[in-house]
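Once you know that position 270 of the sequence shown is 260 in this note's numbering, the rest is easy, because the numbers rise by one and skip nothing.
Even glycine gets a Cβ: it sits at the ideal position worked out from N, Cα and C.
Owing to the predicted nature of the structure, the values given are computational and were not obtained by experimental measurement.
Working notes, beginning with the structure itself.
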Amino acid sequence: MSAAVLQPRHRVTQATVRLSGRQPVRVQPVRLSRGVEPHDHDFFELFVVVSGKGGHHTARGCRPLLEGSATLIAPDETHAIETVDGLVGFNLYFLTEWLLDDIGGLPGMEWIFRYIFLRSHFPAAAAAIPELALSGRGFAGVQRELEELAAETEKTAPSRGFLKACLAKVLVWLSRSEVVAGLPLTPERTEVWQVVEAMEARLAAGESPDAAALAAGLGVSRDHLARIFRRETGRSPMAYFQQRRIQIAARRLLETRQSATDIAHELGFADSAHFSHAFHRRLGLSPRDYRKRFGGTGFGAVEHCRRRERGTDVIGS
């Protein structure tokens, strides 16, 4: 299979995975007797190999899948599995908004948490698919937590605190494992994280960002800060702020009974009409229609809404 022509033949979507505020994580045991055709996803997918072997195809080429192999695939990235020989493992899907609902401590956290955040908001800054090799205590720890997650998600009302604790431990173990390919490119400039944290504080206070004040606080000009941010992330500071604000608004529409007017006011929109226009421009639905369409499925609908589904829904690695 040529990496140059790796095109998705189906997509793993929200309709199949069914992530929600009640079920923000899904873990599925996988047993493969044959390959999996090229596909992509609405969500992040973690694939961990427990035993057996195969070949993992991405846009970079093909790498072996062996016992302890772990791969984190971001939304919209295409991959495939071939030359399978008794491959056994786990698929894990999760909601990024739920995992990283509080991003204040990201700069000091393990690289994989920063990668997930950056890949969600700034795809150009972290485009590589991390491929990892687990061994020893790390391999055993990841298997144990995945089994706990699989059991908990089978419950009618799983504990979201328990789910988040297990997933966090999985990600910490992965951060400590060997990176065999796709070391993520993440902006480590202090200014980028300071802007992200300052904007998060503004959002929490229901205020709009003040680019001039942000730049002055960092001792640089407004234009210089904008250039740094765009070079490191591929987006302007204001484009990031608007994306983050709509993401938070969408989550509130699905997790709370707040009116669109109240959400608009709390997040600093000029009025409900401004909020509705901005929301529709980014997600293709009005706030009311969005809540009506996805309110029963949880806030994972953010990704589902903004991406075009292609082909058949098949859960694959």
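- In the three-state reduction of the DSSP assignment, Pro97 falls in the helix class.
- Classified as buried, Phe103 has 16 or more neighbouring CB atoms from the shown chains inside 10 Å of its CB.
- Two segments are said to touch when three or more pairs of C-beta atoms, one from each, lie closer than 8 Å; by this definition the region 22 to 42 touches the region -4 to 14.
- Using a Cβ-Cβ distance cut-off of 8 Å, the region 250 to 260 and the region 129 to 149 are not in contact, since fewer than three pairs of beta carbons, one from each stretch, lie closer than that value.
- Annotation for Asp66: Asp30 place their beta carbon closer than 6 Å to its own, counting only its chain and skipping 5 residues before and after.
- Given a length threshold of 3 residues, each whole run of the beta strand (DSSP E) inside the region -1 to 60 is given here in chain order: 0 to 2, 15 to 22, 26 to 31, 34 to 48 and 51 to 55.
- Buried is the label assigned to Asp32, since at least 16 other Cβ atoms lie within 10 Å of its Cβ.
- CA-to-CA, the gap between Ile93 and Glu187 works out to about 8 Å.
- Excluding sequence positions up to five before and after Leu62, its CB lies within less than 6 Å of the CB of Leu36 and Pro120, all in the same chain and listed in chain order.
- If you ignore the 5 residues before and after Arg220, its C-beta comes within less than 7 Å of the C-beta of Ser226, all in its own chain and listed in chain order.
- At the C-beta level, Thr68 and Gly45 stay beyond 8 Å of one another.
- Following the DSSP letters along the chain, one finds Leu82 inside the beta strand (DSSP E) bounded by residues His69 to Phe84.
- A distance below 6 Å between beta-carbons, with the five flanking residues on each side excluded, links Ile253 to the following residues of its chain, in chain order: Ala239 and Arg242.
- Taking 8 Å as the upper bound for CB-CB distance, Arg53 and Ala171 are in contact here, some 6 Å apart.
- When beta bridges are read from the DSSP output, Glu256 appears opposite no residue.
- Ranked by Cα distance from Ala130, the first of Leu153, Gly79, Lys282 and His267 is Gly79.
- In this chain, Ala123 is not harboured by any alpha helix (DSSP H); it is covered by the beta strand (DSSP E) spanning Glu121 to Ala123.
- In the three-state reduction of the DSSP assignment, Ala118 falls in the coil class, being assigned neither a helical nor a strand state.
- No Cβ-Cβ contact shorter than 8 Å links Phe112 with Leu90.
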